[in-house]
Each structure stands twice: as C-alpha cells, then as structure tokens.
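For any residue, its number in this note's numbering is found by taking its place in the sequence shown, counting from 1, and adding 9.
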Amino acid sequence: MKKTITILLFIIVSLAWGTTFIAMKIALNTIPPLFTTGMRFLLASLFLIYLCYQTNTSLFFPEGKNNFQLIICVFYFSIPFTLMLYGSIYINSIIASVIFSSMPIIILLFSFLFFKKKLHTSQFIGLISAILSLLVILFKEVKLGDEKTIVGIIALILALLCHSVVYLYSQEKYSNISVLTFNTLPSLFSGIFMLLMSNFIEHPIFNNFSNTSILAVLYLSYFSGIFGILSYFYLQKKVSSFYASSVFFIFPLITVILEKYMYGNVIKIDQLQPILFLVISIFLTLIPLNFKK
Numbered sequence: 010m011k012k013t014i015t016i017l018l019f020i021i022v023s024l025a026w027g028t029t030f031i032a033m034k035i036a037l038n039t040i041p042p043l044f045t046t047g048m049r050f051l052l053a054s055l056f057l058i059y060l061c062y063q064t065n066t067s068l069f070f071p072e073g074k075n076n077f078q079l080i081i082c083v084f085y086f087s088i089p090f091t092l093m094l095y096g097s098i099y100i101n102s103i104i105a106s107v108i109f110s111s112m113p114i115i116i117l118l119f120s121f122l123f124f125k126k127k128l129h130t131s132q133f134i135g136l137i138s139a140i141l142s143l144l145v146i147l148f149k150e151v152k153l154g155d156e157k158t159i160v161g162i163i164a165l166i167l168a169l170l171c172h173s174v175v176y177l178y179s180q181e182k183y184s185n186i187s188v189l190t191f192n193t194l195p196s197l198f199s200g201i202f203m204l205l206m207s208n209f210i211e212h213p214i215f216n217n218f219s220n221t222s223i224l225a226v227l228y229l230s231y232f233s234g235i236f237g238i239l240s241y242f243y244l245q246k247k248v249s250s251f252y253a254s255s256v257f258f259i260f261p262l263i264t265v266i267l268e269k270y271m272y273g274n275v276i277k278i279d280q281l282q283p284i285l286f287l288v289i290s291i292f293l294t295l296i297p298l299n300f301k302k
C-alpha cells in the first residue's frame with residue numbers, strides 16, 4: 010500500500026508540473042496574467058483554509074516568525090508566478106518547463122554559495138555541466154526567437170531565482186512549519202493583492218473569458234497548485250530526496266509530449282541534445298542524495 014501511494018504521488022507531481030505551462034498558455038488566451046494569478050491563488054487558498062480547519066492546522070507561523078509569511082506572499086507567490094505567466098506569453102511551454110526543471114541546480118548552487126554546503130565530486134560536475142547546458146539551451150532559443158523571447162526568458166529566470174531562494178531559506182530556517190501553514194495565508198493575500206492590481210492595470214472584461222481559459226485557471230488552482238505542491242511535500246517524506254527530486258527531469262518530458270500532441274510543436278534534434286545533457290547533469294547532482302536518507 011505504501012509503495013502504491015508513493016507511485017501515485019510521483020505520478021500526480023509529474024503530471025501537475027508537466028502540464029502547468031500548457032495550462033498557463035490556455036488560460037492566457039483570454040484572461041490577463043495578473044487576473045489569472047490572482048484567481049489561481051484565491052481559489053486555492055479557500056480550499057487550503059478548509060484543509061487547515063479539518064486538520065486543526067494553524068494558519069499562522071509561530072510567534073516571532075510571522076514576518077516570513079509576508080516574504081513568502083511577495084517573493085514566493087505574487088512576484089514569481091506573475092513572472093511565470095508573463096514569461097510564458099513570449100516563449101514556448103517546453104523551454105519554460107526546462108528552465109524550471111533546473112530548480113534543483115539553482116538550489117544546490119545557492120546552498121554552496123550561501124550556506125557553505127559541501128559538494129560531492131559528481132554534484133560539482135553535474136552543477137557545472139547543467140549550468141552550461143542551460144546557457145546553451147537559452148542561447149539557442151534567443152537565436153531562434155526575437156527580443157520578446159529574451160523578455161520571456163528573463164522573466165522566468167527571475168521567477169526561478171525567487172522561488173529557489175525562498176524555498177531554500179525556508180528549508181534551512183522553517184522546516185518544521187506545516188506545508189498547509191506555509192501556503193494558505195500567503196496564497197490568500199497574494200490572490201487578493203493580484204486581483205486588485207489586475208483591476209487597476211489590466212481592466213479585465215469578464216465576458217471575454219472563454220470557458221476553456223476558466224477551466225485552465227481552475228486546473229492551475231487545484232491540480233497543478235494544491236495537489237501538485239502537497240503531493241511533492243508528502244513525496245519528500247516518503248522517499249529519499251533523490252527519488253523525490255527526480256520529478257524535475259520527468260515533467261519536462263511530459264510537456265514535450267503535450268506540445269507535440271496539442272500544438273504540433275516538435276523539438277529539433279539540435280535543441281533536444283542540450284536538454285538531454287541538462288537532464289543527465291541534474292541526475293548527477295542528485296545521485297549522492299540517495300545515500301543520505
């Protein structure tokens with residue numbers, strides 16, 4: 010039974026993250042980015058509040074640590090997810106997914122730079138080769154695209170950096186905080202703030218929203234958001250960090266398949282090679298973690 014639950018969690022996370030950027034593209038067809046982000050968080054927060062009530066989980070961080078909830082709200086939810094949506098407008102879902110699959114690399118790099126974490130030889134080799142592979146991928150994308158492609162890449166990289174820094178710091182300093190507490194109020198406040206910003210900046214016209222885009226927002230809120238995140242955190246508790254983090258080189262493959270099936274976009278061999286090399290590099294950085302838990 011335990012093995013079945015673990016496999017199910019792995020499948021949920023891989024599918025949730027592998028379909029995220031496709032769902033974003035669908036939502037953005039008729040709904041502005043800020044409004045999409047705001048509704049995504051607001052809808053998710055209502056269900057998270059219900060889960061907190063049912064599990065008797067506090068909505069607030071322990072006394073003296075409440076300020077970090079504001080940091081999470083701004084730098085883990087509001088800014089990164091808005092940047093992700095804006096970035097997704099200008100680059101295809103495959104490249105967006107590949108950029109975010111590099112999160113273990115960024116976290117490892119920041120752990121080494123800021124927390125003086127020691128690296129195994131394979132981790133160091135994987136880290137260097139992954140960074141080089143990612144640079145090659147982005148260079149090829151910029152070469153094939155236009156100036157808006159650069160804007161999209163920068164937006165996604167900034168989102169990735171924000172996510173990585175807050176996630177790493179929270180793991181180092183607030184690892185005892187419940188995943189529900191970590192996500193609930195920041196989601197609620199981010200949702201309200203983003204909707205207010207959308208009203209002043211984007212002036213959304215609700216009659217223009219298609220049913221497909223609305224369904225995509227619901228999908229992002231509940232499946233990609235709540236179930237994807239919660240499943241990943243619970244997966245981390247059930248298996249080693251190596252196996253949990255392996256989703257980072259699985260979900261981009263799901264995005265590639267969906268792009269081909271839904272939009273007919275086929276990735277070329279010269280683009281696929283550095284992506285595969287990136288996946289192998291990420292694998293190298295994670296191998297030593299398999300022996301730690």
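Positions of the beta carbon are idealized from the N, C-alpha and C atoms, including for glycine.
- For the 8 Å CB-CB criterion, PHE109 and LEU169 form a contact.
- Between the alpha carbons of VAL151 and LEU287 lies a distance of about 18 Å.
- The segment 126-134 makes no contact with the segment 177-196: fewer than 3 CB pairs, one atom from each, lie closer than 8 Å.
- Across the structure, ILE235 and ALA53 are spaced so that their CA atoms are roughly 6 Å apart.
- According to the DSSP assignment, GLY161 belongs to the alpha helix (DSSP H) that extends over 156-182.
- Residue range 76-81 is occupied by the alpha helix (DSSP H) that includes ASN76.
- Distance check between TYR85 and each of VAL265, PHE258, MET271, PHE198 places PHE198 closest, using alpha-carbon atoms only.
- Burial is judged here by how many other beta carbons sit within 10 angstroms of a residue's own beta carbon; MET203 has at least 16 and is buried.
- Secondary structure at PHE44: helix, using DSSP grouped into helix, strand and coil.
- In this structure, the alpha-carbon of GLY73 lies about 12 Å from that of TYR183.
- If you look at SER222, you'll find it in the alpha helix (DSSP H) that goes 220-228.
- Contact between the segment 56-76 and the segment 208-220 is not established, with fewer than three Cβ pairs separated by less than 8 Å.
- Rounded to whole angstroms, the gap between the alpha carbons of SER97 and ILE116 is 22 Å.
- Leaving aside the five residues that flank THR45 on each side, the residues in its chain whose CB is nearer than 7 Å to its CB run, in chain order, ALA36, LEU37, LEU94, VAL226.
- The beta carbon of LYS157 sits closer than 7 Å to those of TYR99, all from its chain and outside the five residues before and after it, given in chain order.
- Contact annotation: THR39 and SER222 have beta-carbon atoms nearer than 8 Å.
- Per DSSP, reduced to three states, the secondary structure at ASN101 is coil, with no helix or strand assignment.
- Listed in chain order, the non-local C-beta contacts of GLY161 below 6 Å within the same chain comprise GLY96, TYR99, ILE100, local neighbours out to five positions each way being set aside.
- GLU268 counts as buried, since no fewer than 16 other beta carbons sit within 10 angstroms of its beta carbon.
- Residue nearest to SER23 within the set ILE289, TYR241, GLN282, GLN245 is TYR241 (criterion: CA-CA distance).
- Here ILE134 has LEU293 as same chain residues with Cβ atoms under 7 Å from its own Cβ, once five neighbours each way along the sequence are excluded.
- Counting along the chain, the unbroken alpha helix (DSSP H) around LEU118 starts and ends at 112-123.
- By alpha-carbon distance to ILE31, the top candidate from ILE104, LEU285, PRO113 is ILE104.
- SER138 is the residue among THR28, SER138, MET48 whose C-alpha sits nearest the C-alpha of ILE284.
- Closest in C-alpha terms to SER111, from the list VAL83, PHE232, ILE20, LEU144, comes LEU144.
- Within the model, the alpha-carbon separation for LEU79 versus PRO195 is close to 7 Å.
- Rounded to the nearest whole angstrom, the CA to CA distance from PHE119 to PRO42 is 29 Å.
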